[in-house]
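*Asks:*
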Amino acid sequence: MGWDHGYYSSDYYTIGYYREMAPNWLDFAALVKGHRPPRSVEGEPFSYLDLGCGMGFGLCILAALYPEGEFTGVDFLPDHIAHGQWLARRLGLANITFLEADFLDLQHDPSPLRPAAAGATTPGGAAQFHYVAAHGIATWVIEPVQQALFAVAAAALRPGGLFYCSYNTYPGWLPLQAFHQLVKVERQQGAGGDVKGALQRASQRMLTLVGPANEPAVLGLALPTLRAEMEKAPSKDQRYLSQEYANDGWQPVYVADMHQRLMAHKLRPLASATLPELFADLVPTQLQAVVMAEQDPLVRETLLDLGSNKSFRRDIFVNGQLHLNEAQRQQALGRVSVALQAAPPINDYLFPTSFGTLTASQASCAGMEAWLAEAGPCSLEDLAASANLPPEEAIRLTALLLHANRLGLHRGPACEAALASCQPFNAAVIELLLEGAPLAYLASPLIGNGVGFSSIQAMVVQGLEQGMEGELLAVCVQAGLAALGGTIRDAEGQPLEDPAAQLEALQTVAVDLQTTGLPALRRLGVLA
Ligand SMILES: C[S@@+](CC[C@H](N)C(=O)[O-])C[C@H]1O[C@@H](n2cnc3c(N)ncnc32)[C@H](O)[C@@H]1O
């Protein structure tokens, strides 16, 4: 095995941003579970380590959002680090460092991390970060690398700090495990380095093996979701598919096994960054009886994952818990401030979650949102009082509304410094979007998190600024996008080939931006 230890290193990874990695999001989840977060107030200096940072855009957004933080991204792929360093320079960020290093080396010698943790070290010299994150790493690498990742995270985290670790889990991945195995043998037998060819061959063969939808074969009967997954494969990003299916160490892990592995490194499971999963009583009634009766946390989580066919977990671990009693917890959560994000009026508050679609009280949710629309950002304590809700109910509904991106966690007075760093950052991201860079997010200093934004929206905004509108604007955006090789999609995400349909879709984008999109982006401090 070479320097990559079986990790797919022939190409770089897709560029992504994950809202659950934001410090205020992690703090909120920790508070709900009664842990005093690593920062006592928004705006306090802190350090953040992203292990396996990929192309680095996600970490760059966090660095712009939290100018008082020091951010360090580690990855062993030179392409990723070169891109991260270039991007940080291009986006004008001074509080971020990208380090090319292998977890296997860092576990023996963590000294390269030392200067990055803003001078905070143990007497033994280990760096001390408030937050350590590893998004989509633990189940993509071989077992010794996974162990090294956990050892590095445990040593780098300061006492009371939070470790965010997301990973593929079972039983959700069981059907695709069969596909992974087929891709693996295809790659080993003859396909060689041709990952794309191996993926195509494997998905075509798998479709034959599962049989037609109306007359499934034995495998199709045993794994009924496999057919749909194979049919979706050609429309998925090739880089994503390669990293998901061409890593020798790829191996989803059941929750109990993962928690035991991390506890062996003194990292204790605390919370989920998938907010609805923080509230056991939101579990559907048919699961409640079996799940809630179980006292052992590992057995309970296992039952929950089995019952909800879980495929992905975003877990938060602590290096030493700082317990809050119930009064302290309620008080701290009451002080959390929230703001309206994009919240167009809806009749039914339905929240898709990993354990099914939840329905929340229309009156309570609409009441909270109406209050925020009228009064502006406010504390959870005031919000609960204004909507006449018990505090715990307001916390639960807030978690659901955050999960649905209807609310954001407001950063209070810390917004001001963040505004100064986010607005030039966003202008630079828009420049890159206009060049066709697949960045897809801008930074909102108000809520300390990213908001979705596309190349098409960037072109529409540019056209509007130049005084264009209607069909002329749509024609210009269509031409600009064609020059970049971009795709225009319908509301279901399907590519639109017909030029007239493309123009119609672009005019809708322009109207939506003018009526709701731009006002919301301005309210969130994203655009001036
Ligand atoms: C699936 S990608 C996730 C990237 C990023 N966190 C994201 O979600 O976009 C896994 C990352 O781990 C990095 N990686 C794998 N093995 C590593 C090792 N031994 N040391 C350091 N980084 C490693 C890869 O280069 C890759 O960027």
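For the sequence shown, the numbering used here gives the first residue as -15, with consecutive numbering after it.
For each residue, glycine too, the CB sits at the ideal point set by N, CA and C.
(1) Ligand 1 and residue 164: does the residue's C-beta get closer than 7 Å to at least one heavy atom of that ligand?
(2) Cα-Cα, which of 143, 213, 123 is closest to residue 241?
(3) Using the C-alpha atoms, what's the distance from residue 271 back to residue 440?
(4) From what residue to what residue does the alpha helix (DSSP H) around residue 534 run?
(5) Take residue 250 as the anchor and find which of 180, 491, 136, 222 has the nearest alpha-carbon.
(6) Is any heavy atom in ligand 1 found nearer than 7 Å to the beta carbon of residue 10?
(7) Just list the alpha helix (DSSP H) runs in the segment 14 to 75, keeping only unbroken ones of 4 residues or longer that don't cross its boundaries, in chain order.
(8) Is it true that the segment 419 to 438 meets the segment 313 to 332, where meeting means three or more beta-carbon pairs spaced less than 8 Å apart?
(9) Name the DSSP beta bridge partners of residue 496, please?
(10) Residue 152 by DSSP, collapsed to three states: which one?
(11) Candidates 93, 121, 127: which alpha carbon is nearest residue 139's?
(12) Enumerate in chain order the residues of its own chain whose CB-to-CB distance from residue 42 is below 7 Å, with the five nearest sequence positions on each side excluded.
(13) Over what stretch of residues does the alpha helix (DSSP H) that includes residue 137 continue unbroken?
(14) According to DSSP, what are the bridge partners of residue 185?
(15) Identify whether residue 328 lies in helix, strand or coil by the three-state DSSP scheme.
(16) Taking the beta carbon of residue 9 as the centre, do at least 16 other beta carbons fall within 10 Å, making it buried, or is it exposed?
(17) Can you tell me whether residue 344 is helix, strand or coil according to DSSP?
(18) Put residue 529 into one of helix, strand or coil per three-state DSSP.
(19) How long is the line joining the alpha carbons of residue 355 and residue 54, rounded to whole angstroms?
(20) For ligand 1, I want to know if residue 121 counts as a neighbour, meaning its beta carbon is within less than 7 Å of at least one of the ligand's heavy atoms.
(21) Using 8 Å as the threshold, is the segment 451 to 462 in touch with the segment 409 to 422, meaning 3 or more CB pairs across them?
(22) Express the C-alpha separation of residue 159 and residue 205 in angstroms, rounding to a whole number.
(23) Is residue 270 a contact residue of ligand 1, with contact defined as CB to any heavy atom under 7 Å?
(24) Hey, could you find the ends of the alpha helix (DSSP H) residue 379 is sitting in?
(25) Can you name, in chain order, every residue of its own chain whose Cβ lies under 8 Å from the Cβ of residue 377, other than the five neighbours on each side?
(26) Looking at residue 57: is its Cβ nearer than 8 Å to the Cβ of residue 68?
(27) One question on the structure: do residue 22 and residue 119 come within less than 8 Å of each other, judged by their Cβ atoms?
(28) Taking residue 337 as part of the beta strand (DSSP E), name the residues at either end of that continuous run.
*Replies:* Reading off the structure:
(1) At a threshold of 7 Å, residue 164 does not count as near ligand 1, since its beta carbon sits no closer than that to any of the ligand's heavy atoms.
(2) Ranking 143, 213, 123 by Cα distance to residue 241 puts 123 first.
(3) The alpha-carbon atoms of residue 440 and residue 271 are separated by roughly 43 Å.
(4) Missing from the structure shown is residue 534; the chain here goes from -15 to 512 and no further.
(5) Ranked by Cα distance from residue 250, the options 180, 491, 136, 222 are led by 136.
(6) No, the Cβ of residue 10 stays beyond 7 Å of every heavy atom of ligand 1.
(7) Uninterrupted alpha helix (DSSP H) stretches at least 4 residues long and entirely within the segment 14 to 75 occur at 41 to 49, 62 to 74, given in chain order.
(8) Contact annotation: the segment 419 to 438 touches the segment 313 to 332, with at least three C-beta pairs closer than 8 Å.
(9) None; residue 496 has no bridge partner.
(10) Three-state result, residue 152: strand.
(11) Closest by alpha carbon: 93.
(12) Counting only Cβ-Cβ distances below 7 Å, and skipping sequence neighbours, we find 0, 1, 2, 5.
(13) Note, residue 137: alpha helix (DSSP H), 127 to 140.
(14) Answer is none; residue 185 lacks a bridge partner.
(15) The answer is coil: DSSP assigns residue 328 none of H, G, I, E or B.
(16) Around the beta-carbon of residue 9, 16 or more other beta-carbon atoms lie within 10 Å, marking it buried.
(17) Here residue 344 sits in strand by DSSP.
(18) A query on residue 529 cannot be resolved here, the shown segment of the chain reaching from -15 to 512 and no further.
(19) Take the alpha-carbon of residue 355 and the one of residue 54: they are about 35 Å apart.
(20) Yes.
(21) Too few Cβ pairs lie closer than 8 Å, so no.
(22) Roughly 11 Å between the two C-alpha positions.
(23) In this structure, residue 270 has its beta carbon at no less than 7 Å from each heavy atom of ligand 1.
(24) That run of the alpha helix (DSSP H) goes 375 to 387.
(25) Annotation for residue 377: 348, 368 place their beta carbon closer than 8 Å to its own, counting only its chain and skipping 5 residues before and after.
(26) Yes, these two residues count as a Cβ contact at 8 Å.
(27) No.
(28) Its beta strand (DSSP E) spans residues 333 to 337.
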